[in-house]
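K.L.:
Quick one: this structure, given as structure tokens, is what I'll be asking you about.
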Amino acid sequence: MRLLITGGAGFIGANLCAFLTGFPGVRGVVALDDLSTGSAANLEGASAELVEGSILDRPLLDGLAAAADTVVHLAARPSVPRSLADPVASHDVNATGTVNVLEACRKSGAHLILASSSSVYGDTEVSPKHEDLATRPLSPYGASKLAAEAYALAYGKSFGLPVLPLRFFNVYGPLQAAGHAYAAVIPAFVDAALRGEPVTVHGDGEQTRDFTYVGTVVRLLADAALRRVTGDTPVNLAFGTRVPVNRLITMIGEILGKAPAVRHVPARVGDVRHSQAACDRLGRLFPTVDPVPLGDGLKHTVAWF
Ligand code: NAD
């Protein structure tokens, strides 16, 4: 099995490359990344070959996909605020870039595993969110991920391409960047707390998220690649936990032995109030997956900082 991982030098991609190093049945891993948010340093210790380039470079992509049995497509501008600042750039990478990846897979016959996002659900109070709910993205980012998964499903139907569109919820763990304006909530909180600064909460902190440890995600992605799992509908990738942001702060404080100070700012445009996955479809496709509990994942994450 040879794998191409787009966005392979990013947070989830580099964790996946490390996990696949020495994995039985894996003969080669190529990480294609333009290093816009990822870094070569993330791949230290992994045996992946880093190709610095963009998914917007179609000839490059075609050549790399031709040598792969499976493509795990993670490359994206993965941020709601960045998509509000520059919607066209998000569309170019997340939607057009995905069509490029699909075209490359169509030519090579590679199996495609795609990272979509829970942000496609957007404006709905239904909880947990099951995959057949109407999608109403609240941000250009959510709209671009919805376009990406719709294209993947259309390529499956139109060309028989083996695809698996996974809707990631909130993934966290080592290598997730902190200390910048677009940081995800867990690295932002851990980073601030370790520096003795207040954590910034948007709104009242009672908004909830369904967190999945990155170690669980990469095990599942490797399993999907090796068993060539496909889906003709999107599949939530989360385990149905519903954790308020305020509870997360308490748990981080318990691990650090000191409760972080909290600074409240207004809720952000484009953020959803509650996010919890229905996970029966995931359970049917991956019956043996056993997620790392949040407390353990947070300890690993704090230890990495
Ligand atoms: P990340 O920013 O760490 O990884 C994305 C990688 O893509 C980076 O290494 C970046 O340099 C690379 N990239 C960006 N534009 C590129 C381009 N044009 N060509 C090649 N590489 C490019 O983010 P992540 O958290 O690892 O996210 C991986 C995927 O998972 C993304 O598709 C994201 O939308 C999706 N996702 C992540 C989460 C999460 O909680 N982390 C939640 C939902 C969906």
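Quick note on numbering: our numbering labels position 177 of the sequence shown as 186, and the sequence is numbered without any gaps.
Glycine residues also receive a C-beta, built at the ideal position from the N, C-alpha and C atoms.
Keep in mind it's a predicted model, so treat the numbers as computed, not measured.
Give the C-beta separation of I258 and V271 to the nearest angstrom, bearing in mind that I take them to be a contact with Cβ-Cβ under 8 angstroms.
P.N.:
At roughly 6 angstroms, the Cβ-Cβ gap stays under 8 angstroms, so I258 and V271 are in contact.
K.L.:
Check this for me: beta carbons of K138 and Y150, under 7 angstroms apart or not?
P.N.:
Contact flag unset, no.
K.L.:
Of all the options V81, N245 and P269, which has the alpha carbon lying nearest to the alpha carbon of V254?
P.N.:
Comparing Cα positions, the closest option is P269.
K.L.:
According to DSSP, which residues form a beta bridge with N179?
P.N.:
Answer is F220.
K.L.:
Tell me whether I195 sits in a helix, a strand or coil according to DSSP, three-state version.
P.N.:
It is helical.
K.L.:
Determine the direct distance from the alpha carbon of T107 to that of V156, and round the result to whole angstroms.
P.N.:
It is Ala, not Val, that sits at residue 156 in the sequence shown. In a straight line, the C-alpha of A156 is about 9 angstroms away from that of T107.
K.L.:
I think P243 touches P196, with their Cβ atoms under 8 angstroms apart; what is that distance to the nearest whole Å?
P.N.:
Not quite, the Cβ-Cβ distance comes to about 26 angstroms (not below 8 angstroms), so this is no contact.
K.L.:
In whole angstroms, what is the alpha-carbon distance linking R67 and S45?
P.N.:
If you take the alpha carbons of R67 and S45, they lie about 18 angstroms apart.
K.L.:
Are there any heavy atoms of the ligand NAD lying less than 6 angstroms away from the beta-carbon of P87, as far as the coordinates show?
P.N.:
Yes; taking the cut-off as 6 angstroms, the Cβ of P87 has a heavy atom of the ligand NAD nearer than that.
K.L.:
Please go through the same chain and pick out, in chain order, the residues whose beta-carbon is closer than 8 angstroms to the beta-carbon of D241, but skip the five residues on each side of it.
P.N.:
Hits under 8 angstroms: L162, G165 and K166.
K.L.:
Identify the continuous beta strand (DSSP E) that holds H211 and give its terminal residues.
P.N.:
Taken as a continuous stretch (DSSP letters only), the beta strand (DSSP E) holding H211 covers V208 to H211.
K.L.:
Okay, do the stretch 114-124 and the stretch 51-64 touch, 3+ Cβ pairs below 8 angstroms being the bar?
P.N.:
Flag = no, the stretch 114-124 and the stretch 51-64 do not touch.
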